[in-house]
DNA sequence: CGACTATATTGAAACGTTTCCAATAGGGTG
DNA sequence: CACCCTATTGGAAACGTTTCAATATAGTCG
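Chains as they are written, first to last, in my numbering: chain S, 209 to 530; chain Z, 209 to 530.
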């Protein structure tokens, strides 16, 4: 593999000159540039990015740490994150934690060893305390500390919106169901928005949380249907969960939206052709992704931000379930 | 940031010794090891992986180059690939090409500059000619050359299976629809399997390919429904496309599986709770992913393989559309 | 024409590891 | 006691780049 030295040798110049040609830094005589470029071509020289990273003591690598890329919301997010990073000349490293705290820690450790330029995290742990370096981190949907900027959608408003739409669709007793990640999660606000709005409107409501991880799914659903057979509206914490609920309901002969109106959360695109098309609170996935990257790269570039949470607006999208 | 030198200084030994302690290479007296470990702890020393990569002239990074991670089949694949890589101490870099040839080339170039240890590719180009280094590559569903090992599912058998199942479900005139990536694609075999089996069984059939990229989707479907209104079975190149077809058909008052039986391809998990649950030819995603990684790491480790295509079995999965 | 300036180029140090060779210290053996 | 062998350690080179101070070259102006 040809190195910069070989190029310099063949072109009859010093390595520093070759470096300046490659990086367009400093002044180089056109004639010299030509010679160097000629040599580069002849030797089929490719700059060694590893050596560069080493010299610079930083890599243009950003890590995305999330539960699993196979969840459609995350994969959509990942797509836009990678796209935005690429525009800025950065690369993306993908880390599936499986939501396991110990795996999150393991990855964080590895990422620091690898001196990644920054991390976008969607984690279960409060990762602030477990990162010893001052590596920039942007978190999505989790608020940990001043240091870690959080990008989220307006979960509180999303919860309120869901409640209002369920009521508007005719629900007299709406229920909130789903997993509420306890640790610093913005997602909890979906519940509080829902609850607050119900109280404000004087509507009877139910909250039926799903343990995570769940031991006995059948029992969870059976109990819900038994205890709350008067529920006629359901707001689920995400689209997949909403679909799952509908599946269970229909097995019991409950029709959607006839007997029960259902609203999900996320607004996943890849489900567009499948039925029922969910009524859902759509998060601005693309905007969240690009915002997260912009904030991260800002931090990497040395900017500091006064704001520690960036909250983007959500939207109600009508489907076939309300 | 503390370096190996600082550790050596504090422990009163040479850097080489510290290196041997860290890597458990060579002999180190227990007493010395203790001193070094003590120093490492005191300084909160983290080995600089970049420097290591540099010295070794290789990184433990494998790239996954695919059209888009937001497609559920690819995201499922990516999940298992990352999982398998992590087990072996490798990291995954994610590259979305958007199926654009120029972007594929751009990424391949970048990956070579970054001296990634290997590449798993799902590409549109014949990438063989555009990779100048001898970096190991495993391709999924594309067969280019001896050099690039191809991991695929049994697309030919999948096509035959689809035809047989459509006929078994009562179809008299089944159609193959979908995109047929021309370049060295294993996916073409889905078509040939379908066609061959139809001929073998003496069944009347239709092939209606979808251009890629498609200009006018409405026109494509309209023409299909006009020209082939006697078609009563559809085999689509993938699940998403099958769902899309069903959507279009139902808008025209065609019922599935009443009027037309439909079989998709892939067997995407994240659609399990949505309807109609597709009858589909399921690819062994997990096995494909793990096989691809194993072969790639084998190559990285210097093994050479006599076989250039690894074909895994597919399975018919009954849903609600046949 | 000499002094200055602007432009081009050189050469070497430095980044943090690993690895190899030489050096040293013990420990056993004849 | 001399010798050899092994276990352990030290020291330095090397990996390929960037950067910076120093030097060289060529105009320009008075």
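Backbone N, C-alpha and C fix where the C-beta goes; we use that ideal spot for every residue, glycine too.
Query raised in the report: Apart from the five residues on each side of it in sequence, which residues of its chain come closer than 8 Å, Cβ to Cβ, to residue 490(S)?
Result: Start at 1 with the first residue of the first chain, and residue 490(S) comes out as number 282. For residue 490(S), where only same-chain residues beyond five positions count, the Cβ hits under 8 Å are 474, 475, 522, 523, 524, 525.
Query - residue 157(S), DSSP secondary structure in three states - result: Lying before the first or after the last residue shown, residue 157(S) is absent from chain S, which here runs from 209 to 530.
Query raised in the report: Do we get a CB-CB distance below 8 Å when we pair residue 247(Z) with the residues of chain S?
Result: Mapped onto the second chain, residue 247(Z) falls at position 39. No, residue 247(Z) lies away from the interface with chain S (no Cβ there is under 8 Å from its Cβ).
Requested in this report: Just the C-alpha distance for residue 292(Z) and residue 497(Z), rounded to the nearest angstrom, thanks.
Outcome: In the second chain, counting from the first residue as 1, residue 292(Z) sits at position 84. In the second chain, counting from the first residue as 1, residue 497(Z) sits at position 289. If I take the Cα positions, the gap works out to 8 Å.
Report task. Return the residues of the segment 296 to 307 of chain S that lie within a Cβ-Cβ distance of less than 8 Å from chain Z, sorted by chain order. Result -> 299, 300, 301, 302, 303, 304
Query raised in the report: Within 10 angstroms of its Cβ, does residue 513(Z) collect 16 or more other Cβ (buried), or is it exposed?
Result: Mapped onto the second chain, residue 513(Z) falls at position 305. Answer is exposed; the Cβ neighbour count stays below 16.
Query raised in the report: Does the segment 319 to 326 of chain S come within contact of the segment 267 to 274 of chain S, defined as at least 3 CB pairs closer than 8 Å?
Result: Touching, per the Cβ criterion.
Query raised in the report: Can you list, in chain order, the residues of the segment 430 to 456 of chain S whose Cβ is nearer than 8 Å to any Cβ on chain Z?
Result: 448, 451, 452, 454, 455
Query raised in the report: Taking just the CA atoms, how far does residue 266(Z) sit from residue 532(S)?
Result: Chain S is shown only over 209 to 530; residue 532(S) falls outside these bounds and no answer can be derived.
Query raised in the report: By how many angstroms is the C-alpha of residue 215(S) removed from the C-alpha of residue 420(S)?
Result: As a working note, residue 420(S) is residue 212 in the first chain. As a working note, residue 215(S) is residue 7 in the first chain. Going by the C-alpha atoms only, they are around 58 Å apart.
Query raised in the report: Candidates 252(Z), 284(Z), 372(Z): which alpha carbon is nearest residue 407(Z)'s?
Result: As a working mapping, residue 407(Z) is identified with position 199 in the second chain. The shortest Cα separation from residue 407(Z) among 252(Z), 284(Z), 372(Z) belongs to 372(Z).
Requested in this report: Using a threshold of 8 Å, state whether the C-beta atoms of residue 333(S) and residue 302(S) are closer than that.
Outcome: Translated into positions along the first chain, residue 333(S) becomes position 125. Translated into positions along the first chain, residue 302(S) becomes position 94. For residue 333(S) and residue 302(S), no; Cβs fall outside 8 Å.
**Report entry** C-beta neighbour in chain Z for residue 345(S), strict 8 Å
**Finding:** Your numbering for residue 345(S) matches position 137 in the first chain. With 8 Å as the cut-off, residue 345(S) does not count as an interface residue toward chain Z.
Query raised in the report: Is any heavy atom of the ligand NAP found at a distance shorter than 7 Å from the C-beta of residue 341(S)?
Result: For the structure depicted, the ligand NAP is absent and the ligand set is empty, with no information on it obtainable.
Report task. Since I believe residue 468(Z) is in contact with residue 440(Z) (beta carbons under 8 Å), could you give me their beta-carbon distance rounded to a whole number of angstroms? Result -> By one-based count along the second chain, residue 440(Z) stands at place 232. By one-based count along the second chain, residue 468(Z) stands at place 260. Confirmed, about 5 Å.
Query raised in the report: Given residue 388(S), which residues of its chain have a CB within under 7 Å of its CB, disregarding the five upstream and five downstream residues?
Result: Counting from one through the first chain, the residue named residue 388(S) turns up at place 180. These residues qualify, in order along the chain: 395, 396, 399, 417.
Requested in this report: In angstroms with no decimal places, state the Cα-to-Cα distance between residue 278(Z) and residue 229(Z).
Outcome: As a first step, residue 278(Z) must be located in the second chain, where it is residue number 70. As a first step, residue 229(Z) must be located in the second chain, where it is residue number 21. So the alpha carbons of these two residues sit roughly 43 Å apart.
Query raised in the report: In whole angstroms, what separates the C-alpha of residue 430(S) from that of residue 519(Z)?
Result: As a first step, residue 430(S) must be located in the first chain, where it is residue number 222. As a first step, residue 519(Z) must be located in the second chain, where it is residue number 311. If I take the Cα positions, the gap works out to 43 Å.
Query raised in the report: Count the other CB atoms within 10 Å of the CB of residue 164(Z); is the residue buried (16 or more) or exposed (fewer)?
Result: Chain Z is shown from 209 up to 530; residue 164(Z) falls before or after that span and cannot be answered.
**Report entry** Counted within 10 angstroms of its Cβ, other Cβ atoms place residue 252(S) as buried (16 or more) or exposed
**Finding:** As a working note, residue 252(S) is residue 44 in the first chain. Its Cβ having fewer than 16 others within 10 Å, residue 252(S) is exposed.
Query raised in the report: Less than 8 Å separating the beta-carbons of residue 377(Z) and residue 530(Z)?
Result: Start at 1 with the first residue of the second chain, and residue 377(Z) comes out as number 169. Start at 1 with the first residue of the second chain, and residue 530(Z) comes out as number 322. Against a cut-off of 8 Å, the Cβ pair of residue 530(Z) and residue 377(Z) comes out as a contact.
Query - Extent of the continuous alpha helix (DSSP H) to which residue 458(Z) belongs - result: Taking the second chain and counting its residues from 1, the one referred to as residue 458(Z) is at position 250. Segment 447 to 459, the alpha helix (DSSP H) holding residue 458(Z).
Query raised in the report: Exposed or buried, which one is residue 344(S) when buried takes at least 16 other CB atoms within 10 Å?
Result: Counting from 1 along the first chain, the entry for residue 344(S) is found at position 136. Residue 344(S) comes out buried.
**Report entry** Contacts of residue 287(Z) in chain S (Cβ-Cβ under 8 Å)
**Finding:** The count along the second chain starts at 1 and reaches residue 287(Z) at position 79. Going along chain S in sequence order, the residues near residue 287(Z) (Cβ under 8 Å) are 276, 277, 278, 304.
**Report entry** Under the three-state DSSP convention, the category residue 273(S) falls into
**Finding:** Start at 1 with the first residue of the first chain, and residue 273(S) comes out as number 65. Strand, per DSSP.
Query - Whole-angstrom distance between residue 226(Z) and residue 282(Z), CA atom to CA atom - result: For the purposes of this step, residue 282(Z) is identified with residue 74 of the second chain, where counting begins at 1. For the purposes of this step, residue 226(Z) is identified with residue 18 of the second chain, where counting begins at 1. Rounded to the nearest angstrom, the two C-alpha atoms are 43 Å apart.
Query raised in the report: So is residue 207(S) in contact with chain Z if we call contact Cβ pairs under 8 Å?
Result: Residue 207(S) is absent from the structure shown; chain S starts at 209 and stops at 530.
Query raised in the report: Taking Cβ-Cβ distances below 8 Å as the criterion, which residues of the segment 466 to 489 of chain S are in contact with chain Z?
Result: The segment 466 to 489 of chain S vs chain Z, Cβ under 8 Å: 477, 478, 479, 481, 482, 483, 484.
Query raised in the report: Is the shortest distance between the beta-carbon of residue 291(S) and the beta-carbons of chain Z less than 8 Å?
Result: Against the first chain, residue 291(S) aligns to sequence position 83. Yes, its Cβ sits closer than 8 Å to a Cβ of chain Z.
Requested in this report: Could you tell me which of 480(Z), 262(Z), 528(Z) sits nearest to residue 463(Z), measuring between CA atoms?
Outcome: As a first step, residue 463(Z) must be located in the second chain, where it is residue number 255. Of 480(Z), 262(Z), 528(Z), the residue nearest in Cα terms is 528(Z).
Query raised in the report: By how many angstroms is the C-alpha of residue 350(Z) removed from the C-alpha of residue 261(Z)?
Result: Indexing the second chain from 1 puts residue 261(Z) at position 53. Indexing the second chain from 1 puts residue 350(Z) at position 142. The alpha-carbon atoms of residue 261(Z) and residue 350(Z) are separated by roughly 31 Å.
Query raised in the report: Exposed or buried, what is residue 383(Z) when buried is set at 16 or more other beta-carbons lying within 10 Å of its beta-carbon?
Result: Position 175 of the second chain holds residue 383(Z). Result: buried.
Report task. Could you tell me whether any Cβ in chain S is nearer than 8 Å to the Cβ of residue 267(Z)? Result -> Locating residue 267(Z) in the second chain gives position 59, counting from the first residue. Chain S, which has a Cβ nearer than 8 Å to the Cβ of residue 267(Z), makes this yes.
Query - chain Z residues whose Cβ lies nearer than 9 Å to that of residue 230(S) - result: By one-based count along the first chain, residue 230(S) stands at place 22. Residue 230(S) does not reach chain Z, its nearest Cβ partner there being about 11 Å away, counting only Cβ pairs nearer than 9 Å.
**Report entry** Distance CB(residue 359(Z))-CB(residue 503(Z)) smaller than 8 Å
**Finding:** Locating residue 359(Z) in the second chain gives position 151, counting from the first residue. Locating residue 503(Z) in the second chain gives position 295, counting from the first residue. Yes, they are a contact pair.
**Report entry** Extent of the continuous alpha helix (DSSP H) run through residue 346(Z)
**Finding:** For the purposes of this step, residue 346(Z) is taken as the residue at position 138 of the second chain. Element bounds for residue 346(Z): not the alpha helix (DSSP H) but the beta strand (DSSP E), 345 to 348.
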